[in-house]
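If you read the sequence shown in the UniProt record's numbering, its first letter stands for residue 1, the second for the next number, and so on.
What follows is a single structure, written as structure tokens, with notes after it.
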Amino acid sequence: MIRKMEPADADRVGEIWLEANREAHSFIPASYWEENFPAVREMLPLAEVYIWEDRGEIQGFVGLNGDYIEGIFVKGSCRSAGVGRKLMDHCKETRSSLRLNVYEKNRRALAFYLREGFQITAEGVDEATEEREYGMEWRKRNSSKI
1 MIRKMEPADA DRVGEIWLEA NREAHSFIPA SYWEENFPAV REMLPLAEVY IWEDRGEIQG
61 FVGLNGDYIE GIFVKGSCRS AGVGRKLMDH CKETRSSLRL NVYEKNRRAL AFYLREGFQI
121 TAEGVDEATE EREYGMEWRK RNSSKI
């Protein structure tokens with residue numbers, strides 16, 4: 001089930017964030033994520049975060065900043081089990097458009113977003129990591145008939 005993050009969830013959500021970033025971004029030194037972890041941990045309770053929970057276990061989450069997806073993060077043992085898709089579906093149900101950035105080398109995430117109907121709208125370099133990234137956008141299709 002999807003629910004809004006509660007303050008008591010922040011520790012587990014933070015652990016998933018750190019684990020997922022280390023694994024998905026092996027091309028960036030783990031120290032980068034570890035150094036940014038305290039700031040992320042502090043911001044989590046203030047952000048719009050939705051959790052996927054199954055049988056009382058937090059398996060993943062999505063962070064939103066308006067229509068911008070800060071990230072979808074899924075616990076390692078739960079990847080490729082539909083958790084990311086369920087979180088994305090929730091975002092699509094509550095927004096008419098979505099934007100995000102993804103590292104070029106994060107091929108798995110890039111393929112996921114393309115399957116989800118996102119289009120590459122920009123290319124650049126993340127100044128913090130010096131890694132190439134894509135700006136991507138998704139828009140809800142107008143389902144009304146003329």
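Even for Gly, the Cβ is constructed at its ideal location relative to N, Cα and C.
Given the structure is predicted, the values throughout are model-derived calculations rather than measurements.
1. For a test of the three-state rule: what should DSSP assign to Ala122, helix, strand or coil?
2. Distance, Cα to Cα, Lys75 vs Asn142?
3. Closest to Gly71 by CA distance: which of Glu34, Arg3, Val13 is it?
4. Measuring CB to CB, does Arg99 end up less than 7 angstroms from Asp67?
5. Between the Cα of residue 159 and those of Asn36, Asn21, Glu53, Phe27, spot the shortest distance and give me the residue it belongs to.
6. Expressed to the nearest angstrom, what Euclidean distance is found between the alpha-carbon atoms of Ala128 and Trp33?
7. On the criterion of 16 or more Cβ atoms from any shown chain inside 10 Å, does Lys145 qualify as buried, or is it exposed?
8. Kindly indicate which three-state DSSP category Ser77 falls into: helix, strand or coil?
9. Which residue or residues does DSSP assign as beta-bridge partners of Leu44?
Inspection of the coordinates gives the following:
1. Strand at Ala122.
2. A straight line joining the alpha-carbon of Lys75 with that of Asn142 spans about 34 angstroms.
3. The candidate whose alpha carbon is nearest that of Gly71 is Val13.
4. In this structure, Asp67 lies closer than 7 angstroms to Arg99 by Cβ.
5. The structure shown has nothing for residue 159, since the chain only spans 1 to 146.
6. If you take the alpha carbons of Ala128 and Trp33, they lie about 11 angstroms apart.
7. Because Lys145 carries a pLDDT of 49, less than 50, the predicted location of this residue cannot be relied on, and the following value inherits that uncertainty. So Lys145 ends up on the exposed side.
8. Reduced to three states, the DSSP call for Ser77 is helix.
9. For Leu44, which the question treats as bridged, DSSP gives no partner whatsoever.
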